[in-house]
Amino acid sequence: QKEVEQNSGPLSVPEGAIASLNCTYSDRGSQSFFWYRQYSGKSPELIMSIYSNGDKEDGRFTAQLNKASQYVSLLIRDSQPSDSATYLCAVNMGGGKLIFGQGTELSVKP
Amino acid sequence: DAGVTQSPTHLIKTRGQQVTLRCSPKSGHDTVSWYQQALGQGPQFIFQYYEEEERQRGNFPDRFSGHQFPNYSSELNVNALLLGDSALYLCASSAQTGHYGYTFGSGTRLTVV
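Structure (structure tokens):
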């Protein structure tokens, strides 16, 4: 089992729709969780962090965490073509070791 | 506010050669982690440096080594380069355990021919 797994893409949604990205992790002791956005040829950019069970909203982005199910998700509302990128789920496995999933490519069609 | 700075941006090396990549962390950050990202994959953790010591290491051979200097900057060294080492190498900095996130540099694209 991989330490951090994301649903395989690519994910294609029409402009204005909700994009849903999912991630599971193996270490029950993990305390901090992140979503990064990576445009082609660029480095990852932090867009959301979450530490407690429940939802965290920031603009059009909502991160959801369920530690009992070891599950993290990211919802993007009113998706825009500029949201087209690869989204990386990352989990702090303790002691600062940040482990990434393989990424989900999102394509928002105008 | 300077972010994470990496150099060089691109590099072409021949199999068997050695390479050194450099990273300056974001102001206020004291921990540096290095990642290798192959095309179409998520970043793979190489190792992390804190207080000039390697604190954690991923599943990479001893050909990959590093160093952290008193000013928190860091180097990644790769010896005996293989074609498979061709990738984007990313440096990320954080404050200590990285609980509040990591900031990435723009990366070094290494091509081994």
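Line order of the protein sequences matches chains U and V. Residue numbers for the first sequence, in our numbering: 267 to 376. Residue numbers for the second sequence, in our numbering: 443 to 555. Built from N, CA and C at the ideal position, the CB exists for glycine as well.
* Asked: Going along chain U in order, which residues have a C-beta closer than 8 Å to the C-beta of V/Arg-464?
  -> Ordered by position in chain U, no residue passes the 8 Å Cβ test against V/Arg-464, which lies about 15 Å from the chain.
* From V/Gly-458, V/Leu-463, V/Gln-459, V/Phe-506, residue whose alpha carbon lies closest to that of V/His-452 -> V/Leu-463
* Counting only the same chain and skipping the five closest in sequence on each side, list residues whose C-beta sits under 6 Å from that of V/Pro-485. => Tyr-477, Gln-479, Leu-532
* Check distances from the C-beta atoms of the stretch 352-371 of chain U to those of chain V and list, in chain order, the residues that come in under 7 Å. => Leu-354, Asn-358, Gly-361, Gly-362, Lys-363, Leu-364, Ile-365, Phe-366, Gly-367, Gln-368, Gly-369
* Asked: Excluding the five sequence neighbours on either side, which residues of its own chain have a C-beta within less than 7 Å of the C-beta of V/Gln-498, listed in chain order?
  -> Phe-489, Gln-490
* **Three-state secondary structure assigned by DSSP to U/Asp-344** => coil
* Are the beta-carbon atoms of U/Pro-280 and U/Val-374 separated by less than 9 Å? -> yes
* Find the nearest neighbour of V/Glu-517 within the set V/Gln-538, V/Gly-526, V/Ser-528, V/Tyr-492, judged by alpha-carbon distance. => V/Tyr-492
* Asked: Given that a residue counts as buried once 16 or more other Cβ atoms are within 10 Å of its Cβ, and exposed if not, what is U/Phe-299?
  -> buried
* Should V/Ser-528 and U/Lys-308 be called a contact, given that it needs their Cβ atoms to be closer than 9 Å? -> no
* Exposed or buried, which one is U/Asn-358 when buried takes at least 16 other CB atoms within 10 Å? -> buried
* Asked: Could one say the Cβ of V/Gln-459 lies closer than 9 Å to chain U's Cβ atoms, at least one of them?
  -> no
* Taking the alpha-carbon positions, what's the V/Lys-455 to V/Asn-501 distance? -> 23 Å
* U/Met-314 - partner residues in DSSP beta bridges -> U/Trp-301
* Who are the near neighbours of U/Tyr-305 in its chain, counting only those whose CB is closer than 6 Å to its CB and skipping five residues on each side? -> Ala-351
* When you compare each of U/Asn-332, U/Gly-325, U/Ser-278, U/Arg-303 to U/Ile-316 by their alpha carbons, which one comes out closest? -> U/Asn-332
* Using the rule of at least 16 other Cβ atoms within 10 Å of the residue's Cβ for burial, across every protein chain shown, is V/Ala-534 buried or exposed? -> buried
* V/Phe-511 to U/Arg-303 span [Cα, whole Å] -> 30 Å
* For the stretch 465-539 of chain V, list the beta strand (DSSP E) runs that are entirely contained and at least 3 residues long, ordered along the chain. => 473-479, 486-492, 495-499, 506-510, 516-520, 529-536
* Run through DSSP, which three-state label would U/Asp-293 get? -> coil
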